[in-house]
Amino acid sequence: MAKNPLSQLASLGEEVLGKASQNPTAARVLQGAMQLKERVDDLSKRVRGLEQMEKQLAQLEKRVAKLEGHKPTPARKTTAAKKTGNTAAKPSE
């Protein structure tokens, strides 16, 4: 019975992975890749938590502004603030 090309490829891939796992260098690379994946997953969870906190902070700022009778302040941007030009002439020295 002949194997189809897909099963041959899968079998070859399993052989390569088996041999690579016996190689100490390949094992270290694989271990490093797995640690990197875990760190990225953890970082993405933290970022999602920060986004939720930012939403809650914006809601609280609106509530406080409403209670104080002020207009809500726009959300702060992390980019550099625009410089305003002063049209008044400076006295010469």
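The sequence shown begins at 4 in the numbering used here and counts up by one. Where a beta carbon is used, it is the ideal one built from N, C-alpha and C, also for glycine. Treat the numbers as computed from the prediction; the structure is a model and nothing was measured.
{"Query": "If you check the beta carbons only, do Ala29 and Ala36 fall under 8 angstroms apart?", "Result": "no"}
{"Query": "Whose C-beta lies closer than 7 angstroms to the C-beta of Glu31 among residues of the same chain, with five residues either side of it excluded?", "Result": "Note that residue 31 is Arg in the sequence shown here, rather than Glu. Excluding positions up to five away in sequence, the list is empty."}
{"Query": "Helix, strand or coil: how does DSSP classify Lys6 here?", "Result": "coil"}
{"Query": "For Gln38 and Asp45, what's the separation of their Cα atoms in angstroms?", "Result": "11 angstroms"}
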